[in-house]
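Visitor: So the protein lines, in turn, are chains A and B. In terms of this note's numbering, the first sequence is residues 285 to 465. In terms of this note's numbering, the second sequence is residues 939 to 1114. Sharing a structure, written as C-alpha cells. Questions coming.
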Amino acid sequence: MIGCYDFCGHYEWTFEWLRQQGGHELVRAYWDEAIHQDSQLHASQLIGEKGIEGMKEYWGPTLADEGAVYERTVTEDVFRIDMHECPSKGFLLRNGLHQYADYCDHCMGWIGPLMQKAGFVIDHEHNHCGQCWWEMRRIDDASPASAPGTLAGTSDVRLRPGWKSPATDHYERATDPDDKT
Amino acid sequence: MKSAAMSEAAPATTSLPYTDTKPAGHADFYFAINATFRFILRHRGEEALRSCWRDIGGSYYRPVSKQWTEQGMHGVAEYWRAFFKAEPGAEVEVVESADEVRLEVARCPAIHHLRTHGREIVPQFCQHCYFVNEAIASPAGLTARVCGGNGTCTQRFIKRTVEAEAQNLEDIATAS
Chain A
285 MIGCYDFCGH YEWTFEWLRQ QGGHELVRAY WDEAIHQDSQ LHASQLIGEK GIEGMKEYWG
345 PTLADEGAVY ERTVTEDVFR IDMHECPSKG FLLRNGLHQY ADYCDHCMGW IGPLMQKAGF
405 VIDHEHNHCG QCWWEMRRID DASPASAPGT LAGTSDVRLR PGWKSPATDH YERATDPDDK
465 T
Chain B
939 MKSAAMSEAA PATTSLPYTD TKPAGHADFY FAINATFRFI LRHRGEEALR SCWRDIGGSY
999 YRPVSKQWTE QGMHGVAEYW RAFFKAEPGA EVEVVESADE VRLEVARCPA IHHLRTHGRE
1059 IVPQFCQHCY FVNEAIASPA GLTARVCGGN GTCTQRFIKR TVEAEAQNLE DIATAS
C-alpha cells in the first residue's frame, strides 16, 4: 500500500516519473489538475468563496496537521506565510530523497492556479532549504511585496541567518510555477 | 511562531525506510494519492497506472525489498506493523508464520478517509496494493496476493514458488 505517512517522499518521486513520461507539461498539468482541482478542491472552494478569510481557514489547520513551523500574518489586504520549517521539504532533506529537479515548485504549481482563479496574485520566495515566504493580494492591488520585517516583524523568514541560499527562487505577482524572476 | 504538537524525532526503532518527525501521517494526503491515480488514468491510461505502481514498488520502495530480503518473513511482518501504526484510522492485524505474512485489513485507512469526506474513489484504487506490493516482494523472493478490497481485504506475502497461483485481479474489489 502507498501510505500517507511518507507521502512527501512518493509525491516527489511521482513528479520525476511523470516528467519522464510526458515532460514538464505533464508535471504542470498534474499539479493543477490532480492537486489543485482534485485533491485540494476543498481549499479551492474555500478560498474561491471567502478569499483571505478562506486562506485563514484553510492554512491554519492544514499546516499544523502537517507539522509545520510557521507564522501567519493577515491584514484586510494581504495573507502572508513565513515558513521556517517546511514539513514537506524537511521530510525529503532528512531522508535524503531527491528525484525531481525542484520539489519546491509544486506549491506554486497548485497554489498559483488556485489563486489566479480566486482573483489573487502571489509574491513568493523559496530557498530550497525548507524556508519560504508567501504574500497573497487581490489582483487589483498593485502593492509590491513587503520589505523584510515590515509586515511579519521578527517572524519574517528573510531575517533568518542564512535565509538567502545560492538557489533562492523568486516570484513577483505570479500565479505560474514557471514565472520565476 | 506556530508549530504542531509533535515529537521531536521519529520512534527510536522503526522498520520504515523513511521516517518523519510526526508519529503518524496526515490523512488528507489520501486525497492526493487518489487524485494521482485518477490523473495518470486520464492522461496515460490503465497500463501506465500499473507501470507507475510497479515502478514505485521497485524504485522508491527498494529499501523495503532489501529489508525483506535480509530479514525474511519477520521483516515483512515488522514492516507492516510499523506501516499501519503510522497510517491514521487503520485497523489491521498482521499475522506472521514461517511461510507467510497475512494482513487482515478490517478498515483500510485510505478508503475510510476518502469515503468519510465524500471523495470519488478511483475504481482501480485497491489494485495498487497488489501491484506495489508485488514489486516490493519480488526481489525478496516473495510474492503478494490481495483478496477483497473497497475498505476491507486480506493481503498475503508468501514465498515465490512455481506452484503459487497468479493473482486474479477479479479477486480485488472495485473501489467506490
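Each residue gets a CB set at the ideal place from its N, CA and C atoms; glycine is no exception. Just so we're clear, the structure is a prediction, and the values are computed from it rather than from any experiment.
#1: Pick helix, strand or coil for GLN383/A, following the three-state DSSP scheme.
#2: In whole angstroms, what is the alpha-carbon distance linking ASP425/A and ARG457/A?
#3: Which residue comes first and which comes last in the alpha helix (DSSP H) that contains VAL1033/B?
#4: Can you name the residues of chain A whose CB is closer than 8 Å to the CB of SER997/B?
#5: Measure the CB-CB distance between ARG364/A and GLU419/A and report whether it falls below 8 Å.
#6: Starting from GLY1013/B, follow its DSSP beta bridges and name the residues at the other end.
#7: Taking SER1003/B and ILE1074/B to be in contact with their CB atoms under 8 Å, please state how far apart those CB atoms are, rounded to whole angstroms.
#8: Below 8 Å on the Cβ atoms is my guess for ILE971/B versus ALA1020/B; work out the distance and round it to an integer in Å.
#9: From this set, SER989/B, GLU1042/B, GLU1025/B, CYS1046/B, which residue's C-alpha is nearest VAL1033/B's C-alpha?
#10: Let me know the beta strand (DSSP E) ranges lying completely inside the region 1018-1080 of chain B, each 3 residues or longer, listed in chain order.
#11: Report the start-end ranges of each alpha helix (DSSP H) in the region 402-465 of chain A that is 4 residues or longer and not cut off at the edges.
#12: Can you tell me which of the three DSSP states VAL311/A falls into?
#13: Across the region 334-349 of chain A and the region 983-1003 of chain B, are there enough close Cβ pairs to call them in contact, namely three or more that are closer than 8 Å?
#14: Evaluate LEU1107/B with the Cβ neighbour count: other Cβ atoms within 10 Å of its Cβ, from every protein chain shown; 16 or more gives buried, anything less gives exposed.
#15: Does ILE1110/B get closer than 8 Å to chain A when you measure Cβ to Cβ?
#16: So is THR434/A in contact with chain B if we call contact Cβ pairs under 8 Å?
#17: DSSP three-state label for PRO949/B, please.
#18: For ARG312/A, which residues from the same chain have a beta carbon less than 8 Å from its beta carbon, with the 5 sequence-adjacent residues on both sides left out?
#19: Take SER449/A and list the residues in its own chain whose beta-carbon comes closer than 8 Å to its own, dropping the five residues that flank it on each side.
#20: May I ask you to list, following chain order, the residues of the region 308-327 of chain A that have a beta carbon less than 9 Å from some beta carbon of chain B?
#21: Go through its chain and collect everything with a Cβ distance to LEU435/A's Cβ below 6 Å, but skip five positions before and after it.
Guide: The short version:
#1: Counting from 1 along the first sequence, the entry for residue 383/A is found at position 99. Correct three-state label for GLN383/A: coil.
#2: The count along the first sequence starts at 1 and reaches residue 425/A at position 141. The count along the first sequence starts at 1 and reaches residue 457/A at position 173. Distance between the alpha carbons of ASP425/A and ARG457/A is about 10 Å.
#3: Translated into the one-based positions of the second sequence, residue 1033/B becomes position 95. Note, VAL1033/B: premise wrong, no alpha helix (DSSP H); beta strand (DSSP E) at 1029-1034.
#4: Numbered from its first residue, the second sequence carries residue 997/B at position 59. Near SER997/B (Cβ distances below 8 Å), the residues of chain A are TRP297.
#5: Locating residue 364/A in the first sequence gives position 80, counting from the first residue. Locating residue 419/A in the first sequence gives position 135, counting from the first residue. Taking 8 Å as the Cβ cut-off, ARG364/A and GLU419/A qualify as a contacting pair.
#6: In the second sequence, the residue the question calls residue 1013/B occupies position 75. GLY1013/B pairs with nothing; no bridge assigned.
#7: Working through the second sequence from its first residue, we reach residue 1003/B at position 65. Working through the second sequence from its first residue, we reach residue 1074/B at position 136. Correct: roughly 5 Å between the Cβ atoms.
#8: Residue 971/B sits at position 33 when you count from the first residue of the second sequence. Residue 1020/B sits at position 82 when you count from the first residue of the second sequence. Not a contact, Cβ separation roughly 19 Å.
#9: One-based indexing of the second sequence puts residue 1033/B at position 95. If we check each option's Cα against that of VAL1033/B, GLU1042/B comes out closest.
#10: 1029-1034, 1038-1045
#11: none
#12: Locating residue 311/A in the first sequence gives position 27, where the first residue counts as 1. Looking at VAL311/A - three-state DSSP - the assignment turns out to be helix.
#13: no
#14: Taking the first residue of the second sequence as 1, we reach residue 1107/B at position 169. Looking at its Cβ environment, which holds fewer than 16 other Cβ atoms inside 10 Å, LEU1107/B is exposed.
#15: Counting from 1 along the second sequence, the entry for residue 1110/B is found at position 172. Not closer than 8 Å to any Cβ of chain A, the Cβ of ILE1110/B fails to qualify, so no.
#16: The residue labelled residue 434/A in the question sits at position 150 within the first sequence. Taking Cβ atoms only, chain B never reaches closer than 8 Å to THR434/A, which makes this a no.
#17: As a first step, residue 949/B must be located in the second sequence, where it is residue number 11. Caution applies to PRO949/B, whose pLDDT of 47 falls short of 50 and renders its modelled position unreliable; the model cannot decide the point.
#18: For the purposes of this step, residue 312/A is taken as residue 28 along the first sequence, with counting starting at 1. Counting only Cβ-Cβ distances below 8 Å, and skipping sequence neighbours, we find GLY393, PRO461, ASP462.
#19: Here residue 449/A is taken as the residue at index 165 of the first sequence, counted from 1. Hits under 8 Å: ASN411, HIS412, CYS413.
#20: LEU310, ALA313, TYR314, GLU317, ALA318, ILE319, GLN321, ASP322, SER323, GLN324, LEU325, HIS326
#21: For this step, residue 435/A is matched to residue 151 along the first sequence. Only THR357, ARG364 meet the Cβ criterion.
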